[in-house]
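Residue numbers (my numbering): 9 to 316.
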């Protein structure tokens, strides 16, 4: 199970794509080559159709990659002992990198090493355009480090799951297409599973949230005090529905409440200010508001009910 990747600097993107297309066009279909690698120890136990469906040949195969030799010939440089001048002193500097980088946290893996730490070694021992090989690639951080430094990488691992993660970490992504597909999936999940998150509770003496707010005279948001200099929030970007939680009271309790904007619509900065003013409306009279934050599509509140 191997993945081979090339440099993708913005100023080289067109040339890199042309080279990748040229190399891919010169390769035979993976289906014709499976038998040539089937005997290799570690060939996955699975149907050929599934292996082919997972693969993106020639750059990623969910089995031993039969294109590696061709990849090296296409991108590598022949070794000539007579003209070789390679010489590097041992790398002796301390390497310390945190694990809070977005790339590092994008997908967990039990043996993951921050790519920024690996970059120091690659930069020291190789030069731009070189091939970097990692035979125990795990989640593919060596490939990420190599690409960021203008090197090409060959990544291999006995685990198909590892090489699949490595492939998705290193393969170029059409951001616009990815966003469209992600939103489509979210819409489907909402349509199919959204009902599981709809909660309604009503008990004697406790009005549901919507009815309580209507009784208070608001149009979806608590009314503003006349002497507070605040205006009632308009319903141009949000409204209440029957899906809202009821106002459950327990004497002496401190509440942490999170509620979402209707249909998770993203509010403008002005509307977020209006929502914050509405949140603060009852502070000092009905509740003691410890903290509140209005996010683009949801609100957090930490408060305690005040007794008369």
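Even for Gly, the Cβ is constructed at its ideal location relative to N, Cα and C. For clarity, every value in this text was computed on a predicted model and none was experimentally measured.
For residue i, I'd like the list of residues in its chain whose CB is within less than 7 Å of its CB, leaving aside the five on either flank, ordered along the chain.
i           : result
residue 56  : 42
residue 272 : 305
residue 60  : 38 and 39
residue 109 : 122 and 124
residue 274 : 304 and 305
residue 45  : 51, 71, 72 and 74
residue 269 : 246, 275, 305 and 306
residue 291 : 297
Starting from residue i, trace the beta strand (DSSP E) both ways and give me its first and last residue.
i           : result
residue 303 : Per DSSP, residue 303 belongs to no beta strand (DSSP E) and is neither H nor E.
residue 186 : Segment 183-201 is the alpha helix (DSSP H) holding residue 186; no beta strand (DSSP E) there.
Strictly by DSSP, which residues pair up with residue i?
i           : result
residue 291 : 295
residue 265 : 309
Spatial neighbours of residue i within its chain, please: CB distance less than 6 Å, with the 5 preceding and 5 following residues excluded, ordered by chain position.
i           : result
residue 237 : With a pLDDT of only 44 at residue 237, under the threshold of 50, the placement of this residue in the model should not be trusted; the figure read from the coordinates follows. Answer for residue 237: no residue qualifies.
residue 83  : 160
residue 34  : none
residue 120 : 147
residue 48  : 72
residue 166 : 50
residue 96  : 133
For the alpha helix (DSSP H) containing residue i, list its first residue and its last residue.
i           : result
residue 43  : 42-45
residue 337 : Not covered by the structure: residue 337. The range shown for the chain is 9 to 316.
residue 37  : No alpha helix (DSSP H) contains residue 37, which DSSP labels as neither H nor E.
residue 103 : Where residue 103 is concerned, there is no enclosing alpha helix (DSSP H), given that its DSSP letter is neither H nor E.
residue 79  : 76-83
residue 58  : 56-62
residue 113 : 110-113
Apart from the five residues just before and just after residue i, which ones in its own chain have a Cβ nearer than 8 Å to its Cβ?
i           : result
residue 261 : 312 and 313
residue 105 : 122, 124 and 125
residue 99  : 128, 129, 132 and 133
residue 52  : 9, 59, 70, 71 and 168
residue 294 : 313 and 314
residue 284 : 300 and 302
residue 64  : 175 and 179
residue 287 : 297, 300, 302, 307 and 309
Going by Cα to Cα distance, which pick from the options is closest to residue i?
i           : options               : result
residue 129 : 151, 112 and 110      : 151
residue 163 : 190, 143, 135 and 169 : 143
residue 147 : 81, 157 and 113       : 113
residue 353 : 176, 97, 91 and 45    : Because the chain in this structure spans residues 9 to 316, residue 353 falls outside the shown range and cannot be described.
residue 111 : 136, 86 and 149       : 149
residue 279 : 266, 307 and 264      : 307
residue 265 : 49, 310 and 44        : 310
residue 75  : 32, 24, 192 and 284   : 32
residue 77  : 193, 116, 139 and 95  : 139
residue 349 : 35, 94, 199 and 174   : No answer is possible for residue 349: the residues shown for the chain start at 9 and end at 316.
residue 172 : 62, 120, 85 and 119   : 62
residue 170 : 145, 156 and 296      : 145
(message) Just to confirm the assignment: which complete alpha helix (DSSP H) runs, minimum length 4, are found wholly within the segment 132-175?
(response) 149-156
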